[in-house]
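Below: one structure, written as structure tokens.
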Amino acid sequence: MLAMFAVLPILAALILMVGLRWPATKAMPVAWACAVLGAMAGWGLDAGYVAAMSFHGLITAISVLIIVFGAILILYTLQYSGGMETIQYGMQQITGDRRVQAIIIGFMFAAFIEGAAGFGTPAALAAPLLLSLGFPPLAAAVLCLVFNSFPVTFGAVGTPIILGLKYVRPLVDQAVAAGIPGLNFASVDQFNAVIGQWATVYNTPMIYILPIFMLGFITRYFGPNRSWKEGFGAWKFCVFASTAFLVPYLVFAWMIGPEFPSLIGGLVGLGIIILGAKNGFCMPSDHFDFGDSAKWDPEWTGEIKGGGSTNFTAHMSQFRAWLPYVLIGAILVVTRIPELGLKGMLAGVSLGFDAGFLGHPEVKNSIKYLYLPGTIPFVLVAIITIGLHGMSGENTKKAWTEAIAKMKNPTIALVFAVALVSIFRLSANNPAGLPSMPLALAEVAANIFGGAWPMFASFVGGLGAFITGSNTVSDLLFAEFQWGMATQLDLPRQLIVAAQAVGGGMGNMVCIHNIVAACAVVGLSGREGAILRRTSGPFLLYGIIVGIVVSTCIVMFPTLF
């Protein structure tokens, strides 16, 4: 019965957004209301405590929204400064082979943007760029959605892990204090690092498989010859690109932490493969194009026809255009390495609510506003860029005005989504001594799936991203549930939670919000179903491969440490 109450908000969001196609701005308030009713009816919580839990979620949502605002502000600052068009111009000059363009832009450039900004910006930038280079709009959208998967595990500077696993921290402390066997972490920071490390292990096979598969996919379904073989013909360049991304991705995840793998992997990999492409390294021997756009299937195009008619202009040097992103990376490194001293200084400043909310002192929260990447470096670099790119006052005003205007819908959706998450986890503080909502779900799921759970764990993360539109919120929603599943089944907790983190990333392929956004930027609004049909296959493939890797690692776990 408790599990039924707990699953009701999830079902409500699923039915409203998928079945009835409601936007998150309407669906998430209803899902939150279902969580409120479940907490009061199933867990016996009074209205005051439920309201306090919702305020707790509001504070967490503000932390996430500060990052979202900073990411959007950087995007619009570069657009109005001419920096983004200069970057796009540079991309356009490298090669005419659509397969290589798909890897450079859809895979590597988007991975870098995900690591630097996240929150839907990769599709907003990469898909229109592919469209302008001559890709069918439908192909551009599908490619960008599918490739925006393994970088999303770490998202914008590690946000899905650092903020997304926030509610698992008390459980980590309890496990460490209890001396549970098999743990290879002794603190929350070490736990976050371990999750990031295992996530790279789970993602590694798909980092190699996905680019080759997707090139075959686009030549089979969008090429004039309808041939998988044409896409697979660029396999050498795919392997080259995957390795260029994977090496820094692994090094930074295992040596430094979860903030940098996608950011540095994308940035370093992008530089390497652009240099390689210019020098003909691992390039395919033939040339692929989509053919005459007049012969394309009408389903492939919408309001924007594509065909490569858009020409970009360089407004400055490539160095100046990329400098804001270089500064972002440098500032993040300097402020995230403890030995340099700035991390402790910035993290020590917070806006705290130590008295709790609405007379409930046990419901506390805080905002570390200087340590959030939304302020330092995103907003800071946006201000510096005004001088670096010589922006006029009018363009600066436009950038800030549009960034603020774009915050309306994410704010509504995130506030209610994260408030729902807070109700889920804080429901453990109930007068009857009942388990929290996630743990109640875990008990039922453990009885149903038993030892087969490692094969399904990542799909739960995918479901969370599908429903909420955010890997961070998926982790907030289900990480505690995954920990509970591991506890119930006596599985390594860090391995199962890492599967959740990976699943939240792969869920971006089928996430309704991302699909709607991708459709909007390539002129395919109303064709969301066509895209979802094409991204579902790669999503299932990803989840199956990850499930096999997770199961294998659990079998091998005793020999790894």
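Residue numbering for the sequence shown follows the working numbering, beginning at 1 and increasing consecutively. Every residue gets a Cβ at the ideal spot worked out from N, C-alpha and C, and that includes glycine. Values in this document were obtained by computation on a predicted structure and should not be read as measured data.
Check                                                                                                                   : Outcome
Uninterrupted alpha helix (DSSP H) stretches inside the segment 369-404 (no shorter than 4 residues)                    : 380-388
Asp97 vs Phe288 beta-carbon contact at 7 Å                                                                              : yes
Any chain C beta carbon closer than 7 Å to Thr385                                                                       : Within the model displayed, chain C is absent; a lone protein chain is all it includes.
DSSP-derived helix/strand/coil call for Ser350                                                                          : coil
Residues of its chain near Ile412, where Cβ-Cβ distance is below 7 Å and the 5 sequence neighbours each way are ignored : Thr25
C-beta atoms of Pro122 and Leu131 nearer than 7 Å                                                                       : no
Simplified DSSP state of His56, which is helix, strand or coil                                                          : helix
Contact test: Val36 Cβ vs the ligand NAD heavy atom, cutoff 6 Å                                                         : Absence of the ligand NAD is noted for the structure shown, with no ligands found whatsoever.
Straight-line gap, Asn148 to Tyr542 (C-alpha atoms, nearest Å)                                                          : 12 Å
Boundaries (first-last residue) of the beta strand (DSSP E) holding Ser366                                              : 365-367
Same chain, Cβ closer than 8 Å to Ala41, neighbours up to 5 away in sequence not counted                                : Phe5
Own chain residues within Cβ distance below 8 Å of Ile162, not counting five before or after                            : Asn192, Pro258, Glu259
Cα-Cα separation, Phe481 to Cys34                                                                                       : 18 Å
For Ile273, the nearest candidate out of Ala253, Ile264, Pro261, Ser242 (CA to CA)                                      : Ser242
Anticipated Cβ contact below 8 Å, Thr200 with Pro261, distance rounded                                                  : 7 Å
Residues bridged to His315 (per DSSP)                                                                                   : Answer by DSSP bridge pairing: none, since His315 is not bridged.
Met206 and Ile448 closer than 7 Å at C-beta                                                                             : no
Cys519 versus Ala139, Tyr89, Gly83, Ala61, residue with shortest Cα-Cα distance                                         : Ala139
Continuous alpha helix (DSSP H) stretch holding Met283: start and end                                                   : Where Met283 is concerned, there is no enclosing alpha helix (DSSP H), given that its DSSP letter is neither H nor E.
Length of the line joining the Cα atoms of Leu346 and Ile423                                                            : 29 Å
Proximal residues to Leu129 (C-beta, below 7 Å), its chain only, five neighbours per side dropped                       : Gln88, Met91, Ile105
CA-to-CA distance, Leu441 to Val7, given in whole angstroms                                                             : 7 Å
Three-state class that DSSP yields for Phe288 in the structure shown                                                    : coil
Assigned exposure category for Ile476 - 16 Cβ within 10 Å defines buried                                                : According to the sequence shown, residue 476 is Leu rather than Ile. Classification for Leu476: buried.
Residue range of the unbroken alpha helix (DSSP H) whose run includes Pro205                                            : 188-222
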